[in-house]
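When the letters of the sequence shown are read in order and numbered with the working numbering, they come out as residues 3 to 181.
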Amino acid sequence: MKLVILDRDGVINEDRDDFVKNTIEWVPLAHSLEAIANLTQSGWRVVVATNQSGIARGLFDMHALNAMHEKMHRLVGQAGGRIDAVVFCPHSADHGCECRKPLPGMVLEIAERFNVKLEGLPMIGDSLRDLESIAAVGGQPILVKTGKGAKTLAKGGLPESTLVFNDLYDAAEHLINHH
3 MKLVILDRDG VINEDRDDFV KNTIEWVPLA HSLEAIANLT QSGWRVVVAT
53 NQSGIARGLF DMHALNAMHE KMHRLVGQAG GRIDAVVFCP HSADHGCECR
103 KPLPGMVLEI AERFNVKLEG LPMIGDSLRD LESIAAVGGQ PILVKTGKGA
153 KTLAKGGLPE STLVFNDLYD AAEHLINHH
């Protein structure tokens, strides 16, 4: 099975410094829905893994998060794609959980749920913590320059094997053409 893990904010949809808190603020990035559709139609399973500490901070509740994800699923579906699962960490950074990226908890959960090998498993993100969470288990970190990605690239210190693309569309094309 070909499976790719995507971060959400800054990869699929626009990121905000004050958190994406509702469906109005959840705005897809240019070509991201098409990228997911292309992956789906090329036989890839797509899973989202996202830190959502806004829940722990009281900025939004589960109802708002579910509504954002329903919108994401609907728009991806209208584009001809599918997201097979959404895994999220609702905790704040000081909670001490195992799921919050850069820890690999969500990646391990996805690999177990979908019965895929960690070795070479691709994950596309815009922050160092996305890349670190997949690199920690031998997967393939992929950085996109959307969201916080350009700043992440400029800062450096990326895991050794990180691939870099302009956006999700370019990263998806690479996966489709090279796997």
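Positions of the beta carbon are idealized from the N, C-alpha and C atoms, including for glycine.
In whole angstroms, give me the CA-to-CA distance for residue i and residue j.
i: Gly151; j: Asp128; result: 4 angstroms
i: Arg59; j: Ser94; result: 7 angstroms
i: Glu114; j: Gln54; result: 21 angstroms
i: Leu110; j: Asp172; result: 26 angstroms
Nearest CA to the CA of residue i: which residue from the options?
i: Ile14; options: Met64, His75, Leu160; result: His75
i: Asp63; options: Pro92, Ile38, Leu41, Ala81; result: Pro92
i: Val50; options: Ala87, Thr154, Met70, Pro30; result: Ala87
Between residue i and chain C, is the shortest Cβ-Cβ distance under 9 angstroms, so that the two count as touching?
i: Phe62; result: In summary, chain C is missing from the structure at hand, where a single protein chain is found.
Which residues in the same chain have their Cβ closer than 6 angstroms to the Cβ of residue i, if we skip the five residues on either side of it in sequence?
i: Asp169; result: Val146, Thr148
i: Met70; result: Thr25, Trp28
i: Ala174; result: Ala37, Asn40, Leu41
Going by the CB atoms, is the gap between residue j and residue i shorter than 9 angstroms?
i: Ile38; j: Arg102; result: no
i: Leu133; j: Ile7; result: no
i: Gln43; j: Gly82; result: yes
i: Pro143; j: Leu77; result: no
i: Asp9; j: Thr52; result: yes
So residue i packs on residue j, CB below 8 angstroms; how close in whole Å?
i: Phe167; j: His176; result: 6 angstroms
i: Phe21; j: Gly56; result: 4 angstroms
Please list, in chain order, all residues of the same chain as residue i whose beta carbon is under 7 angstroms from its beta carbon, the five residues on each side excluded.
i: Thr154; result: Asp128, Ser129, Leu130, Leu145
Using C-beta distances below 8 angstroms, list every residue in its chain close to residue i, excluding the 5 sequence neighbours before and after it, in chain order.
i: Leu105; result: Cys99, Ser135, Ala138
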